[in-house]
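Count the sequence shown with the working numbering and you get residues 13 to 387, in order. Reading through the structure tokens given below for one structure.
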Amino acid sequence: MFVDSVELMVSSGKGGAGCVSFWTEKFVIKGGPDGGDGGKGGNVYFVVDNNTDTLSALRGRNHIKAQNGRPGEGRKKYGKKGKSVDIVVPPGTQIIDIETGEILLDLIEEGQRVLFLEGGKGGLGNLHFKSSTNQRPTYAQPGLPGVTKNIRLEMKLIADVGLVGYPSVGKSTLISTISNAKPKVASYEFTTLIPNLGVVNVGEYDSFLMADIPGIIEGASDGRGLGLEFLKHIERTKTLLILVDIANYREMKYQYETLLVELQRYSKELSKRRFGVAITKCDTMSIEESNRLIEQFLADIGLSSNKVLKKYKADINYSSYGFEEDFGVDLPQNEPLFVLPISSVSHLNTDALRYTLKGFIKSVQAQEDEESNEV
13 MFVDSVELMV SSGKGGAGCV SFWTEKFVIK GGPDGGDGGK GGNVYFVVDN NTDTLSALRG
73 RNHIKAQNGR PGEGRKKYGK KGKSVDIVVP PGTQIIDIET GEILLDLIEE GQRVLFLEGG
133 KGGLGNLHFK SSTNQRPTYA QPGLPGVTKN IRLEMKLIAD VGLVGYPSVG KSTLISTISN
193 AKPKVASYEF TTLIPNLGVV NVGEYDSFLM ADIPGIIEGA SDGRGLGLEF LKHIERTKTL
253 LILVDIANYR EMKYQYETLL VELQRYSKEL SKRRFGVAIT KCDTMSIEES NRLIEQFLAD
313 IGLSSNKVLK KYKADINYSS YGFEEDFGVD LPQNEPLFVL PISSVSHLNT DALRYTLKGF
373 IKSVQAQEDE ESNEV
């Protein structure tokens, strides 16, 4: 079962109490205090494991608590330290304080083990309180209490490219064609009910991650369809690929603009991501008809075809709508950096899409690095 959000109460262990004890032994005239210290309470750690891709193991666990420290004993015996607890989460998990909404931890790196709550310190035994004026101390320290927090764990997929589109526009087919992901593919809307993550290989030594989320429809921000519940899984992506269905009963301009509006309503930050457009299912009609519809779409959204797309040439078939070698010109953020007609079924332009997305990701990363260096 795919679970991407759970609420938990987590507590570190309480420190053990110090011991009040006196050393008495036959034939020993002078004894004295010998109470040992209490053990420290157990800590709470979060561990990032790449082999975990859901929070389902934590579902139903209302309270996770580390072990308390054991109290000290006589003969200067120190109490045993409480056993710490590791909470295993997938990469991309955020730990959020329910009361304040503050993000306490953002766990991204594989193998990370982060201390979240420290156990209470054990109390000192009466051994520590003897002095020349107080040779028989009859008190010891209690252990310090542990820390309890109510938190929400939210998992957000870590990917380079996020797919955005209406239901049944071919997102799952595309990711199953160009990556190693095996999502459910069917000819009805809302086939995809959970996000999918796939590795797209580019050549022998290069690759990138692509995330597919359930379809978005008009009014998703008001709770229609699956709402915007899964858009958080593309918040970490560097780039977006908006899929527009050329054979859908909705006009391409309507699909395109609705998706941009819903992205804006969900997150202004996400709506500023650089993005490209893939026009899907171009194998369902003739070259002439698809060219006409694509040219109309470009005109409707105010995008110059000679600025982003190459004109169709009969001798290169559908790779007509390729990219100019230098598309690094800064376009307005509400315009795509490229538009490419594809067909996942007939593998039309799927290779061109893989290589272009990789170049797109590198250019965006280089721009981010340059901006961060300037700061």
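A virtual CB, placed ideally from N, CA and C, is assigned to each residue, including glycine.
Rounded to whole angstroms, the separation of the alpha carbons of K95 and R125 is 16 Å. The bridge partners DSSP lists for A290 are L255 and L352.
Taken through DSSP and simplified to helix, strand or coil, Q79 comes out as coil.
Following the DSSP letters along the chain, one finds Y266 inside the alpha helix (DSSP H) bounded by residues M264 to Y278.
The bridge partners DSSP lists for G210 are M222. The three-state secondary structure of V32, taken from DSSP, is coil. Under DSSP, P45 takes part in a beta bridge, and its partners are F34. Counting of Cβ neighbours within 10 angstroms places A290 among the buried residues, the total reaching 16 or more. In the DSSP assignment, I246 falls outside any beta strand (DSSP E), carrying neither H nor E. Residue pairing by DSSP puts I99 in a beta bridge opposite F58. Just so you know, the alpha carbons of L186 and S180 end up roughly 11 Å apart.
Distance between Y268 and V256, taken at the CA atoms: about 7 Å.
Per DSSP, the beta bridge partners of Q106 are D118 and E166. Cα atoms of I110 and G86: separation of roughly 43 Å, rounded to the nearest angstrom. Inclusion of V59 and V101 in the CB contact set at 9 Å is warranted, their separation being smaller than that value. Here the alpha carbon of V15 sits roughly 38 Å from the alpha carbon of G134. Using a 10 angstroms sphere on the CB of N303, the tally of other CB atoms reaches 16 or more, which defines it as buried.
Under the three-pair Cβ rule at 8 Å, the region 270 to 282 does not count as touching the region 303 to 315. Within its own chain, the residues whose Cβ lies closer than 8 Å to the Cβ of G104, once the five positions on either side in sequence are excluded, are L119, I120, M167, K168, L169, I170 and R248, listed in chain order. In terms of Cβ geometry, P348 and F309 do not form a close pair [threshold 9 Å].
Within the same chain, P45, N138, F141 and K142 come within 6 Å of P149 by CB-CB distance, once the 5 residues on both sides are set aside. Under DSSP, R125 shares a beta bridge with V59. Residue environment: Q153 is assigned as buried (16 or more neighbouring CB atoms within 10 Å of its CB, all protein chains considered).
Distance from the Cα of D295 is smallest, within the candidate group F220, I313 and P353, for P353.
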